[in-house]
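One line per chain: the protein sequences are P and Y, in this order. According to the working numbering, the first sequence holds residues 5 to 445 in order. According to the working numbering, the second sequence holds residues 146 to 424 in order. First up is the structure itself, then whatever we jot down about it.
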Amino acid sequence: MELKTFPMGGIHLDKHKITSDKPIKEAGLPEIVYIPIKQHIGAPSKIKVQKGDKVKVGTLLADADGIVSADVHSSVSGEVIKIDDIVDADAYLSTMVVIKVEGDEFEPTIDQSHEIKKEITLSAEEIVKKIRESGIVGMGGAGYPTPIKATIPEGKRVNTLIVNGIECEAFLTADDRLMVERAEEIVIGAKILNKALGIQNAIIAIDENKPRAIEIMKKITRKYVGVNVRVCESKYPQGAEKQLIKAITGREVPSGKLPIDVHCIVQNVGTVHAIYEAVQKNKPLFERIITVTGDNAAENPQNFRARIGTPASFLIKQVNTHPENIGKVIFGGGMMGVSAVNMDAPVTKLTSGILLLNDEDATKPPETACIRCARCADSCPMGLRPFAIATAIRNHDNKELKQLHIMDCIECGTCSFICPARIPLLDYCKLGKMEIRKQKK
Amino acid sequence: MDIITSSIVMLGSIALASGVVLYFVSKKFYVKEDAKISEVEKLLPGVNCGACGKAGCHDFAKACSKTDAEGFKQLYCTVGGNKVMQKVAEALGYRQEEKEETVAVLRCQGTCQNAPSKFEYTGLKSCRLVAQISTSQSECPYGCVRLGDCVSVCKFGALKIDKELGIPVVDENKCVSCGACVEICPKKLFEIRPKGKDGKRVYVACRNQQKGAIARKNCSAACIGCMKCTKINPEIKVENNLSYIPTSVDAETYGQELADNCPTGAIVYTGRKEKKHGA
């Protein structure tokens, strides 16, 4: 079968997927967890617990405030010892519920059995309600509350559900392992979403560099009508929503529009798996798969199933015994990840990986002058001209920025990666987007 | 004819033809403009900084010549200051009221010494970007990011990052209080304040709104909201653990006392007589 891909830009990365054959390992319970009450795009949730409260795994900690918001649940059982503003990975102060772990007691409503429950008994409305109550957000990294994407707004029409198992990011293998180990659950999750959206088909898109996941998924999907596997070329950023839609359906999402405007819904495999667990097992989102990896700084890279709120240092200790080797810690993958300031910053619903670099790898070569090679423009998957954007920002020229369609930038980092002069083009693009947003206000 | 002569003749004739056409077009479509505008514009500094609120010096000149005596009072070129405005007023036949000269002040003392950097930043040198992806260079979430966006935007060379301190320093003589730094600073650290008599002014050089102990831990020169300054002059208000000295507080009378009594040295008095402080 021919490989699907998007036509414009993109690069072929050396993906360093060193953990792709490491089975998912239980990370265990840390002594203290820090659960941020805002792990999504939108309004922060309203805190429901107080200092001194006893909580169980799955107890509601914070309630969604408005539509664009999400519930937050406790990931451990124990006592709330503090609710305070704590420095997170980005050095921002964010409100977190600090829980001291005592035992591992689950809320009685959660089905802890490992048996796969195939029958979908709930109606479409009940499914969406369940997703909302379980606090599920887009686990690919954007953190957009899922209930919104599971309901079709009036006047819109959806005919394709794409389950995104591309994971084009360098180093990360969390989605890969999930597909290998939990294939059937993901397929049932896709069927559940189908029911909620009122459509019949789902496409599971997988990158060609995951042969095992493709094989297993193909075998399982044979049993389910309407669910198909599509293999995509291993190209970065194949997993970006707009690029994926273009590759799978050939439809192009217009500038400033959403996938729903071209009748598509894209959900990450992690999200779909969480939906399965929420709907069939009554399990709110309190744990996720996370890859802790690194070429030289991690001796024992692993895929973990970690509770939300686990401090990063707890996971790092399990893969690295020589902390002096670590020069930089990145939350996320090699291309889009953001370097962390606080080692005790917690794993959130959106953390798909923790990447450890040694000092040598973390050092950036010095920036030199632009040589006008236009490689950034050639490789931009959105067809933008990053070099021109950088110039416009240096000149504080917001009018020019708008003409360069800067708001279409998906911040994939291809331009910064490809630039032979090491100009931080992505930083310029981020800055430009920020300026335009400020102007709109 | 060889190639050089032919090209000279060709290009020369094109130039001549277009020259003739342009001459007649410029005569035909000449726009008559008020002579006052160009007269005023000549007096202005011509930097087009936009500090006056107009699109540039030409726009300002236009506004000056169109308005009446009452409206003229509202217009002021901060770059040229009183001197230039006096000349403009004379040219237009209005009276110009003296305005107090102002200067930009940096309300932060988060130097590399007072608030050490907590990480090594290797990305794009832009305060605005760092302020978006992280809090600041130092532990203080309200403090100076020390990457010099203000320096890049200053058209008068009045700002420069002090190599030792790490924070921008305002050159009082060059600053024309155009307000570009006020606009660009993501932490809103700059304020345009009156220069004061003999350059003596007093202000709180801190924007930290955290509780005293945390603020102090993050930066040794932070305002901790101790209320001492409010006892010296009741006009001074402390809100959200942060003191603000209004411009109405007379610097010469209170400055020395305020600066001496501030336990962290967050209050800066430019005319301060040396008296070594514990902090």
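We put the CB at the ideal spot given by N, CA and C, even for glycine. Values in this document were obtained by computation on a predicted structure and should not be read as measured data.
_Test item: CB-CB of V347/Y and A396/Y under 8 Å_ = In the second sequence, the residue the question calls residue 347/Y occupies position 202. In the second sequence, the residue the question calls residue 396/Y occupies position 251. In this structure, A396/Y lies closer than 8 Å to V347/Y by Cβ.
_Residues of chain Y with CB closer than 7 Å to the CB of A95/P, please, in chain order._
Within the first sequence, the letter at position 91 stands for residue 95/P. The contacting residues are S279, T280.
*What separation, rounded to the nearest whole angstrom, lies between the Cα atoms of S238/P and M221/P?*
Reading the first sequence from its first residue, position 234 is the one you call residue 238/P. Reading the first sequence from its first residue, position 217 is the one you call residue 221/P. The alpha-carbon atoms of S238/P and M221/P are separated by roughly 17 Å.
*asked:* List, in chain order, every chain Y residue whose beta-carbon is nearer than 7 Å to that of Y432/P.
replied: Counted from its first residue, the first sequence places residue 432/P at position 428. Ordered by position in chain Y, the residues that pass the 7 Å Cβ test against Y432/P are L269.
*Verify whether the separation of the beta carbon atoms of Y96/P and T280/Y is less than 8 Å.*
Here residue 96/P refers to the residue found at position 92 when the first sequence is read from its first residue. Here residue 280/Y refers to the residue found at position 135 when the second sequence is read from its first residue. Yes, these two residues count as a Cβ contact at 8 Å.
*In angstroms, rounded to a whole number, what distance separates the CA positions of H422/Y and S271/Y?*
Within the second sequence, the letter at position 277 stands for residue 422/Y. Within the second sequence, the letter at position 126 stands for residue 271/Y. Low local confidence applies: a pLDDT of 48 at H422/Y is under 50, so the model's placement there is unreliable, with the coordinate-based value given in what follows. So the alpha carbons of these two residues sit roughly 34 Å apart.
*Within its chain, find whatever has a CB closer than 7 Å to the CB of M3/P; leave out the 5 residues flanking it on each side and keep chain order.*
The structure shown does not extend to residue 3/P, since chain P is modelled only from 5 through 445, so no value can be given for it.
*Check each residue of the stretch 162-178 of chain Y: if its Cβ is closer than 8 Å to any Cβ of chain P, include it; give the result in chain order.*
none
*Give the residues of chain P in contact with P286/Y, contact being defined as C-beta atoms less than 7 Å apart.*
Position 141 of the second sequence, counted from the start, is the residue given in the question as residue 286/Y. By Cβ distance, chain P contributes L97.
*Using a Cβ cut-off of 8 Å (strictly closer), state whether M340/P contacts chain Y.*
As a first step, residue 340/P is located in the first sequence; it is residue number 336 there, counting from the start. No, because no Cβ of chain Y sits closer than 8 Å to the Cβ of M340/P.
*Which class does Y228/P belong to by DSSP, given the choice of helix, strand or coil?*
The residue labelled residue 228/P in the question sits at position 224 within the first sequence. Coil, per DSSP.
*Assigned secondary structure, E407/P (DSSP; H/G/I helix, E/B strand, else coil)*: Residue 407/P sits at position 403 when you count from the first residue of the first sequence. It is Gln, not Glu, that sits at residue 407/P in the sequence shown. The answer is helix: DSSP assigns Q407/P an H, G or I state.
_7 Å Cβ shell around E291/P - same chain, five flanking residues per side excluded_ = For the purposes of this step, residue 291/P is taken as residue 287 along the first sequence, with counting starting at 1. Here the set comprises S79, R309, A310, R311, I312.
*Cα separation between S73/P and C209/Y?*
As a position in the first sequence, residue 73/P is number 69, starting the count at 1. As a position in the second sequence, residue 209/Y is number 64, starting the count at 1. Cα-Cα distance, rounded: 52 Å.
*Might you give, ordered along the chain, the residues of its own chain that have their beta carbon closer than 6 Å to the beta carbon of D92/P, omitting 5 neighbours on each side?*
Here residue 92/P refers to the residue found at position 88 of the first sequence. Correct list, in chain order: S98, A349.
_Helix, strand or coil for K86/P? Go by DSSP, reduced to three states._
Here the question's residue 86/P lines up with position 82 in the first sequence. Note: K86/P maps to strand in three-state DSSP.
*Taking E291/P as part of the alpha helix (DSSP H), name the residues at either end of that continuous run.*
Indexing the first sequence from 1 puts residue 291/P at position 287. Not the alpha helix (DSSP H): E291/P falls in the beta strand (DSSP E), residues 291-297.
*F264/Y touches chain P at which residues, Cβ-Cβ below 7 Å?*
Your numbering for residue 264/Y matches position 119 in the second sequence. Within 7 Å Cβ-Cβ: V345.
*Could you please give me the residues that DSSP links to S343/P through a beta bridge?*
Within the first sequence, residue 343/P is the residue found at index 339, counting from 1. I334/P.
*Kindly indicate which three-state DSSP category G157/Y falls into: helix, strand or coil?*
The residue you call residue 157/Y lines up with position 12 of the second sequence. Of the three classes helix, strand and coil, the one that applies to G157/Y here is helix, per DSSP.
_Quick check on this structure: which residue in G357/P, G142/P, K227/P has the alpha carbon closest to the alpha carbon of A187/P?_
Within the first sequence, the letter at position 183 stands for residue 187/P. Taking only the C-alpha atoms, the option nearest A187/P is K227/P.
_L274/Y at chain P interface by Cβ criterion, 8 Å_ = As a working note, residue 274/Y is residue 129 in the second sequence. It does; some Cβ of chain P falls within 8 Å.
*Between the C-alpha atoms of I330/P and S24/P, what's the straight-line distance to the nearest angstrom?*
Along the first sequence, read from residue 1 onward, the residue named residue 330/P stands at position 326. Along the first sequence, read from residue 1 onward, the residue named residue 24/P stands at position 20. So the two alpha carbons sit approximately 22 Å from each other.
*What residue range is occupied by the uninterrupted beta strand (DSSP E) comprising N168/P?*
Sequence index remark: in the first sequence, residue 168/P carries index 164 (1-based). First-last of the beta strand (DSSP E) with N168/P: 164-169.
*Assuming L310/Y contacts C257/Y under a Cβ cut-off of 8 Å, what Cβ separation, rounded to an integer in Å, is found between them?*
As a working note, residue 310/Y is residue 165 in the second sequence. As a working note, residue 257/Y is residue 112 in the second sequence. Rounded, the Cβ-Cβ distance is 6 Å, consistent with contact.
*Taking only the alpha-carbon atoms, compute the straight-line gap between P400/P and K199/Y and give it to the nearest angstrom.*
To locate residue 400/P, count along the first sequence from 1; it is residue 396. To locate residue 199/Y, count along the second sequence from 1; it is residue 54. Looking at the sequence itself, residue 400/P is His, so the reference to Pro does not match. Their backbone Cα atoms lie some 18 Å apart in a straight line.
_Quick check on DSSP: helix, strand or coil for P157/P?_
Position 153 of the first sequence holds residue 157/P. Coil, per DSSP.
*Output the boundary residues of the beta strand (DSSP E) element that contains L361/P.*
Locating residue 361/P in the first sequence gives position 357, where the first residue counts as 1. Segment 357-362, the beta strand (DSSP E) holding L361/P.
*Cβ neighbour criterion (16 or more within 10 Å) applied to P112/P*: As a first step, residue 112/P must be located in the first sequence, where it is residue number 108. With fewer than 16 other Cβ atoms within 10 Å, it is exposed.
*Does L408/P get closer than 8 Å to chain Y when you measure Cβ to Cβ?*
In the first sequence, residue 408/P corresponds to position 404, counting from 1. Output row for L408/P: interface = no.
_Distance between C326/Y and C299/Y (C-alpha atoms, nearest Å)_ = Looking up residue 299/Y in the second sequence gives position 154. Looking up residue 326/Y in the second sequence gives position 181. Cα to Cα, C299/Y sits roughly 7 Å from C326/Y.
*Rank M339/P, P370/P, K58/P by C-alpha distance to the C-alpha of G357/P and give the top, closest one.*
As a first step, residue 357/P must be located in the first sequence, where it is residue number 353. Checked all of M339/P, P370/P, K58/P; the closest Cα to G357/P is M339/P.
*Applying a beta-carbon distance threshold of less than 9 Å, which residues of chain Y neighbour L435/P?*
Taking the first sequence and counting its residues from 1, one reaches residue 435/P at position 431. Here the neighbours are L269, S271, R273, L274, Q277.
*According to DSSP, is H422/Y helix, strand or coil?*
On the second sequence, residue 422/Y is found 277 positions in, with the first residue counted as 1. Unreliable positioning characterises H422/Y in this predicted model, as indicated by a pLDDT of 48, which lies under 50. A coordinate reading is not provided.
*P428/P versus chain Y: which residues are under 8 Å apart at the beta carbon?*
Locating residue 428/P in the first sequence gives position 424, counting from the first residue. Simply G268, L269.
*Hey, F10/P and G62/P are a contact pair by Cβ (cut 8 Å); roughly how many whole angstroms apart?*
To locate residue 10/P, count along the first sequence from 1; it is residue 6. To locate residue 62/P, count along the first sequence from 1; it is residue 58. The pair is not a contact, with the Cβ atoms about 40 Å apart (cut-off 8 Å).
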